[in-house]
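Inspection log for the structure reproduced underneath, given as structure tokens.
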Amino acid sequence: MAKYINTGDKDTRSGFGAGLLEAGRQDPNVVALTADLKGSLKMDAFAKEFPDRFFQCGIAEANMIGTAAGLSLNGKIPFAGTFAAFATGRVYDQVRMAVAYSEANVKIAASHAGITLGEDGATHQILEDIGLMRMLPNMTVINPCDYNQTKAATIAAAKHNGPVYLRFGRPSVPNFTSETEEFVIGKAYKLSDGKDISIFATGHLVWEALLAAEELEKQGLSADVFNIATIKPLDIESILNSVKKTGRAVVAEEHFIAGGLGELIAGNLAIKYPCPIEYVAINDRFGASGTPKELMKAYGLDAEHIVNASLRIIKK
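Straight run, no breaks: the sequence shown in the numbering used here ends on number 348.
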């Protein structure tokens with residue numbers, strides 16, 4: 033399999049901050065809004081360089097989304113940034129009507145997603161946001177895997193015409209993708225080639241999938257590993273080509289099973305190419321307080337559980 037090297041742990045929210053600054057330099061219509069979370073979302077550099085294009089909305093997320101929609105109607109490209117729990121659950125009606133239904137060119141920048149938010153606990157650890165966003169017509173859903181890809185995805189989102197939900201996180205995670213690779217919305221990135229199992233991962237689970245593939249290789253098994261950075265639109269062609277070769281799939285994500293990437297892939301395969309599938313995800317359970325590493329292990333979201341899921345399905 034291809035070997036990927038961690039060039040140093042970095043938080044994906046900093047990748048967003050770097051991408052936002054670059055997008056702002058490339059296009060004067062890019063503006064940024066936040067709900068009192070400029071520092072948490074690493075928007076400081078953008079605000080410093082473009083103070084007249086940065087809007088502090090206070091703890092008023094619904095108003096922020098409405099303001100972003102209004103700015104988009106006047107030709108601006110707004111990035112509305114807050115925690116994922118507030119960007120989806122708290123303001124779902126505004127996102128649904130003012131952004132998705134209206135096809136507004138708004139980019140919802142959702143940080144601190146999933147259980148890797150850590151010590152803040154269940155109230156802030158949203159695990160249903162991908163499901164909420166991918167069910168909305170017109171919404172593009174992106175969940176990049178590391179700093180470099182988050183930066184590139186932010187720049188790509190700015191160039192994309194239409195609503196985008198961009199999901200990223202707080203903890204420092206391995207940074208292993210190329211800093212020069214352009215992000216293509218709707219593309220599944222193949223990271224390794226194998227014949228025994230297809231592993232589809234998104235976000236923080238992509239690195240764990242690569243580690244799992246290395247362990248499986250020690251056991252004489254080869255894995256097709258894909259980074260599903262765009263969840264909607266889904267690159268179903270790449271997924272089908274892989275499972276037609278391997279005959280089985282494992283999907284790994286930091287999200288509920290319900291409404292997540294696994295259900296989305298399984299639904300497509302049920303119609304187009306039925307095959308055995310296993311989920312490495314959270315099943316109908318809220319988050320808890322703890323370090324990101326502790327929680328990922330406790331909730332079964334690591335390389336060990338991806339290996340176990342792969343072995344279970346191969347034995348079947």
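Note that CB positions come from ideal geometry on N, CA and C, so glycine has one too. Note that this is a predicted model, so its numbers are computed, not measured.
(message) Can you tell me where the alpha helix (DSSP H) holding Pro324 begins and where it ends?
(response) Pro324 to Ala330
(request) List the endpoints of the continuous beta strand (DSSP E) containing Thr66. (result) Val62 to Thr66
(message) Going by C-alpha to C-alpha distance, which of Asp334, Glu336, Pro324 and Arg344 sits closest to Asp152?
(response) Pro324
(message) Just list the residues that DSSP pairs Asn259 with in beta bridges.
(response) Tyr221 and Ala233
(message) Tell me the rounded alpha-carbon separation between Ala145 and Glu246.
(response) 27 Å
(message) Please report the distance separating the alpha-carbon of Glu269 from that of Asn300.
(response) 10 Å
(request) Take the Cβ of Tyr133 as the centre, count every other Cβ of all protein chains shown within 10 Å, and call the residue buried at 16 or more, exposed below. (result) exposed
(request) Can you grab the Cα-Cα spacing for the pair Asn38 / Lys347, in whole Å? (result) 32 Å
(request) Compute the Euclidean distance between the alpha carbons of Ala233 and Met96, then round it to the nearest angstrom. (result) 32 Å
(request) Between the Cα of Tyr36 and those of Glu214, Lys183, Cys177 and Leu266, spot the shortest distance and give me the residue it belongs to. (result) Cys177
(request) Check whether the stretch 334-346 touches the stretch 238-245, counting contact only when three or more Cβ pairs, one atom from each stretch, lie closer than 8 Å. (result) yes
(request) Pull up the distance between the alpha-carbon of Gly56 and that of Val173, whole angstroms please. (result) 21 Å
(message) Tell me the residue span of the alpha helix (DSSP H) that contains Tyr179.
(response) Tyr179 to Lys191
(message) Please identify the residue among Ala188, Trp239, Val216 and Gly194 whose C-alpha is closest to the C-alpha of Val205.
(response) Trp239
(message) By the DSSP assignment, the beta strand (DSSP E) with Leu198 in it spans what residues?
(response) Val196 to Arg199
(request) Look at the Cβ atom of Ile231, then the Cβ atom of Val257, and state whether they are nearer than 7 Å. (result) yes
(request) Could you check what DSSP says for Gly153 in three-state terms: helix, strand or coil? (result) coil
(request) Leaving out five residues on either side along the sequence, give the residues of the same chain with a beta carbon under 8 Å from the beta carbon of Leu53. (result) Ala77, Phe78 and Glu81
(request) Kindly indicate which residue of His156, Gly163, Met167 and Thr209 has the alpha-carbon position closest to the one of Thr182. (result) Thr209
(message) Tell me the rounded alpha-carbon separation between Tyr124 and Glu336.
(response) 35 Å
(request) Return the CA-CA distance between Lys139 and Phe111, expressed in angstroms with no decimal places. (result) 5 Å
(message) Among the candidates Thr148, Pro83, Leu105 and Leu65, whose CA atom is the shortest distance from the CA of Leu327?
(response) Thr148
(request) Tell me, please, which residues DSSP counts as bridged to Ala142. (result) Thr114 and Arg199
(message) Ignoring anything shorter than 4 residues, give me the alpha helix (DSSP H) runs that lie fully in the stretch 48-113, in order along the chain.
(response) 76-81 and 93-105
(request) Please classify Asp334: is it buried, with 16 or more other beta-carbons within 10 angstroms of its beta-carbon, or exposed? (result) buried
(message) Between Val275, Val63 and Ile91, which has its C-alpha nearest Asn106's C-alpha?
(response) Val63
(message) Among Gly235, Thr212, Asp228 and Lys108, whose alpha-carbon lies nearest the alpha-carbon of Ala220?
(response) Gly235
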